[in-house]
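A.B. asks:
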Amino acid sequence: MDSGKKISVIVPCFNEEEGLETFHQTLIRFLPDQYHYEIIYVNDGSTDRTLQVILNLTGNNPAIRYISLSRNFGHQNALKAGYDFASGDCAISIDADLQHPPAVIPELIRKWEEGFEIVNTSRNDHPNTTYTKAISSRLFYQLMRKLSDIEIENGMADFRLIDQKVLQQLKLFPENFLFFRGIIPWMGFKQTIVQFNANERLAGSTKYTLRKMLKFAVTGITAFSVKPLRLSIYLGSAFAFLAFLYGLYVTYIYVYTDKAITGWTSIILSILLVGGINLLMLGIIGEYLGKLFMENKRRPNYLISETNLDIFPAQNHRTNI
Ligand code: UDP
Ligand code: MG
Numbered sequence: 054m055d056s057g058k059k060i061s062v063i064v065p066c067f068n069e070e071e072g073l074e075t076f077h078q079t080l081i082r083f084l085p086d087q088y089h090y091e092i093i094y095v096n097d098g099s100t101d102r103t104l105q106v107i108l109n110l111t112g113n114n115p116a117i118r119y120i121s122l123s124r125n126f127g128h129q130n131a132l133k134a135g136y137d138f139a140s141g142d143c144a145i146s147i148d149a150d151l152q153h154p155p156a157v158i159p160e161l162i163r164k165w166e167e168g169f170e171i172v173n174t175s176r177n178d179h180p181n182t183t184y185t186k187a188i189s190s191r192l193f194y195q196l197m198r199k200l201s202d203i204e205i206e207n208g209m210a211d212f213r214l215i216d217q218k219v220l221q222q223l224k225l226f227p228e229n230f231l232f233f234r235g236i237i238p239w240m241g242f243k244q245t246i247v248q249f250n251a252n253e254r255l256a257g258s259t260k261y262t263l264r265k266m267l268k269f270a271v272t273g274i275t276a277f278s279v280k281p282l283r284l285s286i287y288l289g290s291a292f293a294f295l296a297f298l299y300g301l302y303v304t305y306i307y308v309y310t311d312k313a314i315t316g317w318t319s320i321i322l323s324i325l326l327v328g329g330i331n332l333l334m335l336g337i338i339g340e341y342l343g344k345l346f347m348e349n350k351r352r353p354n355y356l357i358s359e360t361n362l363d364i365f366p367a368q369n370h371r372t373n374i
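Here you go:
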């Protein structure tokens, strides 16, 4: 039975040559029959043969699309490229390494058919997930919830289904520092969450190095909250109060005793402490200032070097208004 609806599947790929073929075969096995599909592979500036593998998969099949970015723009920007050009009635984003099991896709679609406009997923970690990754992930989501006013679930993954109506409006987000896991819950609409058990990576190694993860965490927090800036007010007030108390004590020593030249240690300590806190606060302010500076250039989130979508001559694929 043909439902007449089309579903876009978006797969960001960065150096996934080893596993992509297997991924593709597994993916199509789990796509329910009654829908039409469009699979969009986004090659995020891979330095291996990923593009070659994608081109082989594409062949002459018009249902398999690819967008090859001009360099590595990062996972979130690659996702945005996919979202921007998805033409289905809904779009499902999924990692290329089978850590997001395609077997869950029918469940996402069922929820969509029930009337949900955004179907999020949250992952239960595979037992083999490294301890540091599990702990750092939990810490990160906790910090996010505390600092931003967004209810973001533990283990929220970039494996989700979004209705075309929502997609249209997601395209209007002009921000450069993308953090979909924060933007999506912020958007509202009818949302739900599906749990899944994460698999181990099919092939290759994680593309999220510690450096990329830290950068991602800082982006996630600073893109959603100005609370860290408020920290300087609290800390500043606390230290001003302490300084006042200490001032009373110092005056007392000076006026009523003859021990006034001792206290070298406390001077050095307070200089170091206050200096350190000053630098930290300047750093936080600098981080926001830097983001403002970059956003203000209004550069596109990604550039396309090659695609089989019908979009050239180049258009401004950033705001799509
Ligand atoms: N990815 C990408 N660009 C990047 C890093 C990752 O498109 O700069 C893709 C990658 O190919 C994979 C997905 O994003 O399909 C998730 O990356 P990965 O599996 O390495 O992250 P992890 O699961 O370890 O968090
Ligand atoms: Mg992965």
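If you want our numbering, it's the 1-based position in the sequence shown plus 53. Ideal Cβ placement from N, Cα and C applies to all residues, glycine included. Model, not experiment: these values are computed from the prediction.
Assess contact between the segment 105–116 and the segment 129–139, defined as three or more Cβ pairs (one per stretch) separated by less than 8 angstroms. Is contact present?
C.D. replies: In the pairwise beta carbon analysis, the segment 105–116 is classified as not touching the segment 129–139: fewer than three pairs are separated by under 8 angstroms.
A.B. asks: Locate the beta strand (DSSP E) running through residue 231, then write down its first and last residues.
C.D. replies: By 1-based counting over the sequence shown, the position of residue 231 is 178. From DSSP, residue 231 is part of no beta strand (DSSP E); its letter is neither H nor E.
A.B. asks: So what's residue 281 in DSSP terms, helix, strand or just coil?
C.D. replies: Residue 281 sits at position 228 when you count from the first residue of the sequence shown. Residue 281 falls in the helix class under three-state DSSP.
A.B. asks: Would you check whether the ligand UDP has a heavy atom nearer than 7 angstroms to the C-beta of residue 23?
C.D. replies: The shown model of the chain, from 54 to 374, leaves out residue 23, and the question about it has no answer.
A.B. asks: Taking the CB atoms as reference points, tell me whether residue 222 and residue 142 lie closer together than 8 angstroms.
C.D. replies: The residue labelled residue 222 in the question sits at position 169 within the sequence shown. The residue labelled residue 142 in the question sits at position 89 within the sequence shown. No; because the gap between Cβ atoms is not below 8 angstroms, this pair is not in contact.
A.B. asks: Is residue 54 buried or exposed, if buried means 16 or more other CB atoms sit within 10 Å of its CB?
C.D. replies: Position 1 of the sequence shown, counted from the start, is the residue given in the question as residue 54. Answer is exposed; the Cβ neighbour count stays below 16.
A.B. asks: Where do the N-terminal and C-terminal ends of the beta strand (DSSP E) with residue 359 fall, by residue?
C.D. replies: Within the sequence shown, the letter at position 306 stands for residue 359. From DSSP, the beta strand (DSSP E) with residue 359 extends over 357–360.
A.B. asks: Ignore the nearest five residues each way along the sequence and tell me which others in residue 57's own chain have a CB closer than 6 angstroms to its CB.
C.D. replies: On the sequence shown, position 4 is the one that residue 57 refers to. Hits under 6 angstroms: none found.
A.B. asks: DSSP three-state label for residue 118, please.
C.D. replies: Counting from 1 along the sequence shown, the entry for residue 118 is found at position 65. Here residue 118 sits in strand by DSSP.
A.B. asks: Taking the straight line between their C-alpha atoms, what separation do you get for residue 225 and residue 348?
C.D. replies: For the purposes of this step, residue 225 is taken as the residue at position 172 of the sequence shown. For the purposes of this step, residue 348 is taken as the residue at position 295 of the sequence shown. Spanning the two alpha carbons is a distance of roughly 15 angstroms.
A.B. asks: Does DSSP put residue 216 in a helix, in a strand, or in coil?
C.D. replies: Within the sequence shown, the letter at position 163 stands for residue 216. Three-state DSSP puts residue 216 in a strand.
A.B. asks: Measure from the alpha carbon of residue 295 to the alpha carbon of each residue in 275, 327 and 345, then state which is nearest.
C.D. replies: The residue labelled residue 295 in the question sits at position 242 within the sequence shown. Here the closest residue by C-alpha is 327.
A.B. asks: Would you check if there are 3 or more beta carbon pairs closer than 8 angstroms linking the segment 162–179 to the segment 89–100?
C.D. replies: no
A.B. asks: Near residue 252, what residues of its chain come up, given a Cβ to Cβ distance below 7 angstroms and the 5 sequence neighbours on each side ignored?
C.D. replies: The residue you call residue 252 lines up with position 199 of the sequence shown. Around residue 252: 151, 152, 154 and 179.
A.B. asks: Taking the alpha carbon of residue 242 as the reference point, which residue from 198, 274, 173 and 278 has its own alpha carbon closest?
C.D. replies: Residue 242 sits at position 189 when you count from the first residue of the sequence shown. The option with the nearest alpha carbon to residue 242 is 173.
A.B. asks: Would you mind reading off the limits of the alpha helix (DSSP H) that contains residue 59?
C.D. replies: The sequence position of residue 59 within the sequence shown is 6, counting from 1. First-last for residue 59: 59–66, but that is the beta strand (DSSP E), not the alpha helix (DSSP H).
A.B. asks: Are residue 175 and residue 204 closer than 8 angstroms when you measure CB to CB?
C.D. replies: The count along the sequence shown starts at 1 and reaches residue 175 at position 122. The count along the sequence shown starts at 1 and reaches residue 204 at position 151. For residue 175 and residue 204, no; Cβs fall outside 8 angstroms.
A.B. asks: For the segment 63–103, list the beta strand (DSSP E) runs that are entirely contained and at least 3 residues long, ordered along the chain.
C.D. replies: 89–96
A.B. asks: How is residue 209 classed by DSSP in three states: helix, strand or coil?
C.D. replies: Here residue 209 refers to the residue found at position 156 of the sequence shown. Shown here, residue 209 sits in a strand according to DSSP, grouped into three states.
A.B. asks: Could you give the first and the last residue of the continuous beta strand (DSSP E) run that contains residue 248?
C.D. replies: Taking the sequence shown and counting its residues from 1, the one referred to as residue 248 is at position 195. From DSSP, the beta strand (DSSP E) with residue 248 extends over 244–250.
A.B. asks: Just reading off the beta strand (DSSP E) that residue 174 is part of, what are its end residues?
C.D. replies: Residue 174 sits at position 121 when you count from the first residue of the sequence shown. First-last of the beta strand (DSSP E) with residue 174: 171–177.
A.B. asks: Looking at the structure shown, is residue 291 part of a helix, part of a strand, or coil, going by DSSP?
C.D. replies: Here residue 291 corresponds to residue number 238 of the sequence shown, with the count starting at 1. Residue 291: helix per DSSP, three-state reduction.
A.B. asks: Tell me whether residue 260 counts as near the ligand UDP, meaning its Cβ is closer than 7 angstroms to at least one heavy atom of that ligand.
C.D. replies: The sequence position of residue 260 within the sequence shown is 207, counting from 1. Yes, the beta carbon of residue 260 sits closer than 7 angstroms to at least one heavy atom of the ligand UDP.
A.B. asks: Could you pull out every unbroken alpha helix (DSSP H) segment of at least 4 residues lying fully inside the segment 133–194, listed in chain order?
C.D. replies: 158–166
A.B. asks: Counting only runs of 4+ residues fully inside the segment 304–362, write out the alpha helix (DSSP H) ranges in chain order.
C.D. replies: Counting only runs of 4 or more, we get 317–349.
A.B. asks: Does residue 62 pass the burial test, meaning 16 or more other C-beta atoms within 10 Å, or should it be called exposed?
C.D. replies: Here residue 62 refers to the residue found at position 9 of the sequence shown. Counting Cβ neighbours within 10 Å, residue 62 comes out buried, since at least 16 surround it.
A.B. asks: To the nearest angstrom, report how far apart residue 356 and residue 123 are at their CA atoms.
C.D. replies: Working through the sequence shown from its first residue, we reach residue 356 at position 303. Working through the sequence shown from its first residue, we reach residue 123 at position 70. If you take the alpha carbons of residue 356 and residue 123, they lie about 6 angstroms apart.
A.B. asks: Consult DSSP for residue 5 and reduce its assignment to one of helix, strand or coil.
C.D. replies: Look at the range of the chain in this structure, 54 to 374, and you will see that residue 5 is not part of it.
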